[in-house]
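Heads up, the thing below is written out as structure tokens.
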Amino acid sequence: MLIRNAIVLTGDGERLDGVEILLLDGRVAAVGEGLERPEDIRVIDAEGRWVTPGLIDVHSHLGNYAAPGGDALADGNELTAPNTAGVWAEHGVWPQDPQFPLALIGGVTTLHVLPGSGNLFGGRGVTLKNVPGRQVQDMKFPGAPHSLKMACGENPKRVYGSRNQMPGSRMGNLFGQRSAWIQAQAYQRRLDSHEQALADGEDADPPERDLVLETLAGVLRGEILVHNHCYRADEMGLMLDVAEEFGYRITAFHHATEAYKIADVLASAEVCAAVWADWWGFKMEALDAIEANAALVHAAEGGCAIIHSDSPRDIQRLNQEAAKAMAAGRRMGLAIDEADAIRWLTGNAAKALGIAEETGLLRPGLAADVVLWSGNPFSVYSRPEKVWIDGVLRHDRSDTDSRWRTDFDLGLTPAGQWEVAP
Amino acid sequence: MSRVWMAAALLLFMVPVQADVLAITNARVHTVDALGTLDGATVLIRNGRIQAVGKQVRVPADAQRIDVDGAHLTPGLFVGLSTLGLVEINAVADTNDHRLSDFDGGAGFSIRRAVNPHSMLFGVARTAGVTRSMVAPAGGEQVFAGSGSLIRLDGSPNPVSHADVAQFAVLGSQGGQRTGGSRAAAMQQLERGFEEARRYGESGDRGLRASDFSFPVWDLAALHAFMESGQPLAVHADRASDIVHALDILSAWNIPMVLVGGAEAWKVAGPLATANVPVLLDPLGNLPQGFDRLGARADNATLLHAAGVRVGIMESSGHNVGRIRQYAGNAVAEGMPYEAALAAITRTPAEIWGVGDSVGRIAPGMIADLVLWSGDPLELATWAERVWIEGREMPLDSRQMQLRDRYRDPASAYQ
Numbered sequence: 224m225l226i227r228n229a230i231v232l233t234g235d236g237e238r239l240d241g242v243e244i245l246l247l248d249g250r251v252a253a254v255g256e257g258l259e260r261p262e263d264i265r266v267i268d269a270e271g272r273w274v275t276p277g278l279i280d281v282h283s284h285l286g287n288y289a290a291p292g293g294d295a296l297a298d299g300n301e302l303t304a305p306n307t308a309g310v311w312a313e314h315g316v317w318p319q320d321p322q323f324p325l326a327l328i329g330g331v332t333t334l335h336v337l338p339g340s341g342n343l344f345g346g347r348g349v350t351l352k353n354v355p356g357r358q359v360q361d362m363k364f365p366g367a368p369h370s371l372k373m374a375c376g377e378n379p380k381r382v383y384g385s386r387n388q389m390p391g392s393r394m395g396n397l398f399g400q401r402s403a404w405i406q407a408q409a410y411q412r413r414l415d416s417h418e419q420a421l422a423d424g425e426d427a428d429p430p431e432r433d434l435v436l437e438t439l440a441g442v443l444r445g446e447i448l449v450h451n452h453c454y455r456a457d458e459m460g461l462m463l464d465v466a467e468e469f470g471y472r473i474t475a476f477h478h479a480t481e482a483y484k485i486a487d488v489l490a491s492a493e494v495c496a497a498v499w500a501d502w503w504g505f506k507m508e509a510l511d512a513i514e515a516n517a518a519l520v521h522a523a524e525g526g527c528a529i530i531h532s533d534s535p536r537d538i539q540r541l542n543q544e545a546a547k548a549m550a551a552g553r554r555m556g557l558a559i560d561e562a563d564a565i566r567w568l569t570g571n572a573a574k575a576l577g578i579a580e581e582t583g584l585l586r587p588g589l590a591a592d593v594v595l596w597s598g599n600p601f602s603v604y605s606r607p608e609k610v611w612i613d614g615v616l617r618h619d620r621s622d623t624d625s626r627w628r629t630d631f632d633l634g635l636t637p638a639g640q641w642e643v644a645p
Numbered sequence: 022m023s024r025v026w027m028a029a030a031l032l033l034f035m036v037p038v039q040a041d042v043l044a045i046t047n048a049r050v051h052t053v054d055a056l057g058t059l060d061g062a063t064v065l066i067r068n069g070r071i072q073a074v075g076k077q078v079r080v081p082a083d084a085q086r087i088d089v090d091g092a093h094l095t096p097g098l099f100v101g102l103s104t105l106g107l108v109e110i111n112a113v114a115d116t117n118d119h120r121l122s123d124f125d126g127g128a129g130f131s132i133r134r135a136v137n138p139h140s141m142l143f144g145v146a147r148t149a150g151v152t153r154s155m156v157a158p159a160g161g162e163q164v165f166a167g168s169g170s171l172i173r174l175d176g177s178p179n180p181v182s183h184a185d186v187a188q189f190a191v192l193g194s195q196g197g198q199r200t201g202g203s204r205a206a207a208m209q210q211l212e213r214g215f216e217e218a219r220r221y222g223e224s225g226d227r228g229l230r231a232s233d234f235s236f237p238v239w240d241l242a243a244l245h246a247f248m249e250s251g252q253p254l255a256v257h258a259d260r261a262s263d264i265v266h267a268l269d270i271l272s273a274w275n276i277p278m279v280l281v282g283g284a285e286a287w288k289v290a291g292p293l294a295t296a297n298v299p300v301l302l303d304p305l306g307n308l309p310q311g312f313d314r315l316g317a318r319a320d321n322a323t324l325l326h327a328a329g330v331r332v333g334i335m336e337s338s339g340h341n342v343g344r345i346r347q348y349a350g351n352a353v354a355e356g357m358p359y360e361a362a363l364a365a366i367t368r369t370p371a372e373i374w375g376v377g378d379s380v381g382r383i384a385p386g387m388i389a390d391l392v393l394w395s396g397d398p399l400e401l402a403t404w405a406e407r408v409w410i411e412g413r414e415m416p417l418d419s420r421q422m423q424l425r426d427r428y429r430d431p432a433s434a435y436q
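In the order they appear, the protein sequences are chains A and B.
Under the working numbering, read the first sequence as residues 224 to 645, first letter to last.
Under the working numbering, read the second sequence as residues 22 to 436, first letter to last.
And the structure:
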């Protein structure tokens with residue numbers, strides 16, 4: 224398939240006007256002018272409309288906190304111990320969550336579902352393609368690494384402190400985290416010496432598997448990416464210290480309402496900040512959130528800003544959240560344009576999820592995860608018109624009959640049926 | 022931090038007295054009134070009121086003149102309902118005054134003395150162009166939540182411009198939980214309240230005893246006064262069937278109704294229009310979150326407007342009231358006419374709460390609450406350039422702006 228006459232935001236800071244995009248076999252084959260193309264290929268004329276990579280939400284609980292909600296569907300926070308690194312978000316994802324299709328209508332092609340922040344170690348997160356499936360396995364992003372959700376700040380100390388259990392303070396948070404990493408290091412040493420023993424030709428029994436420590440050791444080996452819920456600048460600094468002490472990397476701070484206060488520090492540590500555009504004040508550690516947060520992170524040399532949703536509501540309009548963040552930057556005189564802001568939802572997000580070789584950019588070889596917008600994607604009036612995932616048209620705004628309806632959506636009050644006569 | 026805020030609050034009151042006569046010229050004026058949108062127009066303000074609007078307005082020699090070079094001018098934004106001034110930080114319990122937990126307060130509960138005139142949220146809201154809001158109690162254990170008041174964000178010591186202008190009630194599953202476990206009980210408690218308030222009122226000096234009533238006498242006195250006042254009962258309900266029952270009950274008692282929430286209101290748009298019941302809603306509230314809201318959809322506002330229902334926009338928090346522009350813009354994207362969407366964050370809420378004759382429009386005689394925008398007022402990339410409340414220009418400053426400027430170059434923030 225070929226999309227012609229488009230304004231393309233590539234997702235890595237570039238804007239190309241009036242170009243063509245060639246999609247072949249589920250991948251982006253080429254982007255540019257006058258592309259060579261197979262005969263009888265399907266051509267879509269974008270008529271000057273905008274095309275972006277599919278949007279990526281690095282912080283979602285869809286499927287884990289599915290609609291219609293309530294205790295029966297609350298599966299995103301294993302609040303039974305402060306370290307539940309052994310639980311996996313994918314084991315709680317309900318593929319019939321009716322919120323998945325709504326996110327698709329908003330242009331979201333990939334989402335990272337992670338455990339909640341009530342625990343110091345919440346568990347493993349999973350990256351999903353936003354496609355219908357009977358099982359979560361049908362949605363899993365092929366080859367995407369697992370993540371580890373960590374949390375600092377108010378949530379863990381509130382949850383466990385209120386039970387007279389550790390952690391009950393920020394001091395306890397750090398104690399709990401460092402203690403766990405010490406265990407993880409010991410576990411890794413046991414794994415290493417077992418491997419060494421095998422290499423030496425010994426007939427050694429492997430250490431007993433421990434699911435908690437397996438996850439943490441995976442982080443120490445660099446196979447699992449740390450996504451750290453953390454609001455305050457000072458606490459992010461402490462988390463960086465812990466990471467250094469135990470030799471792991473933090474891939475992204477999430478929420479990071481005060482990232483702007485240490486934008487330079489985060490940039491030089493090569494840690495992304497995944498933030499909201501305008502949420503603030505709902506708790507003490509969110510008091511200093513400002514709308515220019517993403518813009519200031521972006522403005523730091525080498526800074527990596529991401530706009531996330533953490534919300535079934537805002538995941539439907541990540542483009543609008545980015546637009547507000549962009550406007551706040553412009554309001555303070557920063558030069559930020561659409562080509563910059565789209566990175567916050569695409570290229571940077573893919574990098575933080577370890578899938579930058581697969582999606583997030585409109586570059587040859589990457590997955591054909593593409594959105595054709597009705598107008599400038601940062602306008603409140605624009606909507607995704609077509610959304611492709613791996614080259615498959617998954618959403619077409621003009622074709623309401625073929626919309627993805629989950630099992631839960633079936634049989635719910637079709638329009639007109641319940642209308643009450645005046 | 023608190024000292025910084027104190028300083029900001031002091032600054033607010035030290036803004037010099039403005040010229041008595043102000044002329045904003047060369048504006049694209051969204052009157053949200055009969056004149057529609059005027060290009061190259063002048064708005065003349067005298068003593069805090071709008072004196073004239075139009076392209077041919079003569080500007081008196083003594084007027085302070087501001088040429089805005091074609092920029093968009095709208096009425097100040099009016100949030101249909103929020104918790105502005107009632108909740109400073111949600112997770113800090115002693116800064117929350119919008120709901121009751123240990124006190125069986127009902128119709129007699131008034132929120133007006135809880136409003137914090139020095140709330141940190143006011144500055145943030147003003148920088149987003151918000152000038153007024155309805156604030157109301159979320160209630161406790163009764164179907165009646167108490168009375169709501171209108172506030173203005175002008176920084177004055179008394180932010181309440183109109184006290185106790187409506188009574189609030191909670192129906193649906195939430196109302197049912199408060200009243201014993203069934204939504205039907207919530208509706209019966211509503212009716213019983215009206216019935217007892219009527220008897221209470223009729224008893225006059227004969228003085229019935231408290232034991233004659235199931236409601237506290239304190240609440241009945243307030244409810245009776247409310248029923249005599251002609252003020253509306255604002256009913257929280259989402260499920261279509263609850264909305265229809267509420268319409269029936271209130272029509273039987275001849276009490277005007279405002280629907281709050283109304284996720285499934287589109288299903289009963291006809292009856293709402295016939296009963297002339299306006300709806301305050303969240304245009305982004307399309308999620309089927311909860312079984313009362315399974316019919317929620319993104320074009321609720323559009324369908325209601327098309328059926329002739331007046332639609333205003335609300336925001337459940339106080340912190341993010343600036344989002345109402347985004348909500349209105351999305352309503353337009355989902356098919357609502359632009360003028361109606363702009364009215365939903367200016368004129369319509371003012372009318373719903375009974376102050377449409379003084380705020381919400383740019384017309385002669387109206388209070389001069391005005392916002393000058395950097396572009397299309399409903400667009401995301403637009404911001405408020407200047408804000409006037411009652412003709413007085415507001416400083417566009419907030420904790421957030423000060424933090425932003427302190428950390429513009431983070432490494433030197435403390436050097």
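The C-beta atom is built at its ideal place from N, Cα and C for all residues, glycine as well.
These figures come from a predicted structure and were not determined experimentally.
Please state if the CB of residue j and the CB of residue i are separated by a distance shorter than 7 Å.
i        : j        : result
A/Thr275 : A/Leu327 : no
A/Leu285 : B/Leu315 : no
A/Ala295 : A/Asp320 : no
B/Leu59  : B/Val50  : yes
A/Ala475 : A/Ala374 : no
B/Ala255 : B/Ala187 : yes
A/Ala407 : A/Leu371 : no
A/Met487 : B/Ala432 : The sequence shown places Asp at residue 487 of chain A, rather than the Met named in the question. Result yes, Cβ atoms of A/Asp487 and B/Ala432 sit closer than 7 Å.
B/Gly92  : B/Leu393 : Reading off the sequence, residue 92 of chain B comes out as Ala, not Gly. Yes.
B/Ile383 : B/Val74  : yes
B/Gly150 : B/Leu98  : yes
B/Ala135 : B/Leu107 : yes
B/Phe312 : A/Pro291 : yes
Could you give the C-beta distance for residue i and residue j, rounded to a whole number, given that I count them as a contact under 8 Å?
i        : j        : result
A/Arg272 : A/Gly598 : 7 Å
A/Phe323 : A/Thr582 : No, A/Phe323 and A/Thr582 are not in contact; Cβ-Cβ is about 17 Å, not under 8 Å.
A/Ala482 : A/Val465 : Rounded, the Cβ-Cβ distance is 18 Å, inconsistent with contact.
A/Leu519 : A/Ile530 : About 13 Å separates the two Cβ atoms, so there is no contact after all.
A/Gly384 : A/Ser392 : 7 Å
(message) For a minimum of 3 consecutive residues, which ranges assigned as the beta strand (DSSP E) are wholly contained in the segment 318-373 of chain B?
(response) 332-334
(message) As an exercise, report each continuous beta strand (DSSP E) stretch of at least 3 residues that is fully enclosed by the segment 266-321 of chain A, in chain order.
(response) With a minimum length of 3 residues, the continuous beta strand (DSSP E) runs that stay inside the segment 266-321 of chain A are 266-268, 273-276, 278-283.
(request) May I have a chain-ordered list of the beta strand (DSSP E) segments no shorter than 3 residues that lie completely inside the segment 585-640 of chain A? (result) 593-596, 607-612, 615-619
(message) Ignoring anything shorter than 4 residues, give me the alpha helix (DSSP H) runs that lie fully in the segment 211-272 of chain B, in order along the chain.
(response) 238-250
(request) Using a Cβ-Cβ cut-off of less than 8 Å, list which residues of the segment 250-282 of chain B approach chain A; keep chain order. (result) Cβ contacts with chain A come from Ala261, Val265.
(request) Would you list, in sequence order, the uninterrupted alpha helix (DSSP H) runs of no fewer than 4 residues that lie entirely inside the segment 401-450 of chain A? (result) 434-443
(request) Any chance you could list the alpha helix (DSSP H) runs of at least 4 consecutive residues sitting entirely within the segment 441-509 of chain A, in chain order? (result) 456-469, 486-492
(request) Could you list the residues in the segment 441-469 of chain A with a C-beta less than 7 Å from some C-beta on chain B, going in chain order? (result) none
(message) With three or more C-beta pairs closer than 8 Å as the rule, is the segment 228-247 of chain B touching the segment 153-173 of chain B?
(response) The segment 153-173 of chain B is in contact with the segment 228-247 of chain B.
(message) Does the contact criterion of 3 or more C-beta pairs under 8 Å hold for the segment 240-247 of chain A versus the segment 532-551 of chain A?
(response) no
(message) Counting only Cβ-Cβ distances shorter than 9 Å, please list the residues of the segment 369-401 of chain B near chain A, keeping chain order.
(response) Listed by position along the chain: Ser395, Asp397, Leu399, Glu400, Leu401.
(request) Write down every uninterrupted run of the beta strand (DSSP E) in the segment 85-152 of chain B whose length is 3 residues or greater and which is fully enclosed by it, in chain order. (result) 85-88, 93-96, 98-103
(request) Kindly provide the ranges of any beta strand (DSSP E) runs that are 3 or more residues long and lie completely inside the segment 331-415 of chain A, ordered along the chain. (result) 331-336, 344-352, 370-374
(message) If we require 3 or more residues per run, which beta strand (DSSP E) segments fall completely within the segment 524-598 of chain A?
(response) 528-530, 593-596
(message) Can you confirm whether the segment 281-291 of chain B touches the segment 209-229 of chain B when touching is taken to mean that 3 or more C-beta pairs between the two stretches lie within less than 8 Å?
(response) no
(message) Taking beta-carbon pairs under 8 Å, can you tell me which members of the segment 490-506 of chain A lie near chain B?
(response) Taking 8 Å as the Cβ-Cβ cut-off against chain B, the residues of the segment 490-506 of chain A that qualify are Asp501, Trp502, Trp503, Gly504, Phe505, Lys506.
(request) For the segment 601-627 of chain A, enumerate the residues whose C-beta is nearer than 8 Å to any C-beta of chain B, in chain order. (result) Listed in chain order, the positions of the segment 601-627 of chain A with a beta carbon within less than 8 Å of a beta carbon of chain B are Phe601, Ser602, Val603, Tyr604, Ser605, Arg606.
(request) Note down, in chain order, all residues in the segment 361-383 of chain A with a beta-carbon under 9 Å from any beta-carbon belonging to chain B. (result) Answer set for the segment 361-383 of chain A: Glu377, Arg381.
(request) Output, in sequence order along the chain, the residues in the segment 240-263 of chain A whose CB is closer than 8 Å to any CB in chain B. (result) none
(message) Give me the subset of the segment 117-147 of chain B whose CB atoms are less than 9 Å from a CB atom of chain A, sorted by chain position.
(response) Against chain A - using a Cβ distance shorter than 9 Å - the residues of the segment 117-147 of chain B are Met141, Leu142, Val145.
(message) If contact is defined by three or more beta carbon pairs under 8 Å, each pair taking one atom from either stretch, is the segment 425-434 of chain A in contact with the segment 337-356 of chain A?
(response) no
(request) Determine, using beta-carbon pairs with one atom in the segment 261-272 of chain A and one in the segment 307-315 of chain A, whether at least three such pairs fall under 8 Å. (result) The way I'd put it, the segment 261-272 of chain A doesn't touch the segment 307-315 of chain A; fewer than three beta-carbon pairs between them come closer than 8 Å.
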